[in-house]
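Inspection log for the structure reproduced underneath, given as structure tokens.
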Amino acid sequence: MLNQLSPHLKQYFHQLETQGRSLPGQARLEKRFAYPLLNGLIGFGLPFTRRNGFTIEALRHGYLRARMPIKGNKNHMGTVYAGAQFLLAEVPFGALSIVEFEGRYIPILRELSIRFLQPARSDLILELELDQQQIAEVVKEAEEKGKANLPLSLALQDSQGAIVATAEADYQIRAKL
């Protein structure tokens, strides 16, 4: 279902978040409904994201910001559970790629390693940004070869902006059959 909606989602979210500017009037109301709809669709496709409270807060061409709440994701030490941090590092590229590549390519995680730098004692935020050149190169390679690899370096931040974990991800996008 997401793949069928993705061309429309890309255009819609790009209009909502044009160049990171705040939204005037009516668009603010639309944003209140658009993100819950997107998060609901992701939760439908990946039910554990809904159970963990994963949400996308911002989405525009080449950019996504996601949040993982500490509530419901605490470990025995009272900090964010490592598996929840893994989810926050893994899911955003899949969500961004569905919208960014308009459903033409399927994202596959080949490898993900996380380095935990300090205990996460608050909600976590991950910002994922792909520049236009990166996107163009990946799309070109995928068009020519049917697939393309995309390594990403990610940072998980607490609510104060401190980096609590870093991740190295190796994704592959494959042309949809």
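Heads up: take any position in the sequence shown, counting from 1, add 7, and you land on our numbering. Ideal Cβ placement from N, Cα and C applies to all residues, glycine included.
Integer Cβ distance of GLN92 from LEU131, believed to fall under 8 Å: Walking along the sequence shown from the start, residue 92 turns up at place 85. Walking along the sequence shown from the start, residue 131 turns up at place 124. With 8 Å as the limit, GLN92 and LEU131 qualify as a contact, their Cβ atoms being about 7 Å apart.
Residue burial classification, HIS138 (beta-carbon count within 10 angstroms, cutoff 16): The count along the sequence shown starts at 1 and reaches residue 138 at position 131. The question names His, but residue 138 in the sequence shown is Asp. Classification of ASP138: exposed, given that the 10 Å Cβ count is below 16.
Residues near GLU134 by beta carbon distance below 7 Å, same chain, minus five either side: Translated into the one-based positions of the sequence shown, residue 134 becomes position 127. The residues are ARG72.
LYS147 versus PRO158 - alpha carbon distance: Here residue 147 refers to the residue found at position 140 of the sequence shown. Here residue 158 refers to the residue found at position 151 of the sequence shown. Rounded to whole angstroms, LYS147 to PRO158 spans 16 Å at the Cα level.
Host beta strand (DSSP E) of ASN80 (start-end): Position 73 of the sequence shown, counted from the first residue, corresponds to residue 80. Segment: none, ASN80 is in no beta strand (DSSP E) and carries neither H nor E.
Assigned exposure category for PRO99 - 16 Cβ within 10 Å defines buried: Here the question's residue 99 lines up with position 92 in the sequence shown. PRO99 should be labelled buried.
Beta-carbon contacts of GLU150 that lie in its chain and below 7 Å, excluding the five residues immediately before and after: On the sequence shown, residue 150 is found 143 positions in, with the first residue counted as 1. Closer than 7 Å at Cβ, skipping near neighbours: no residue.
Beta-ladder partner(s) of VAL87, from DSSP: Taking the sequence shown and counting its residues from 1, one reaches residue 87 at position 80. Answer is LYS81, bridged to VAL87.
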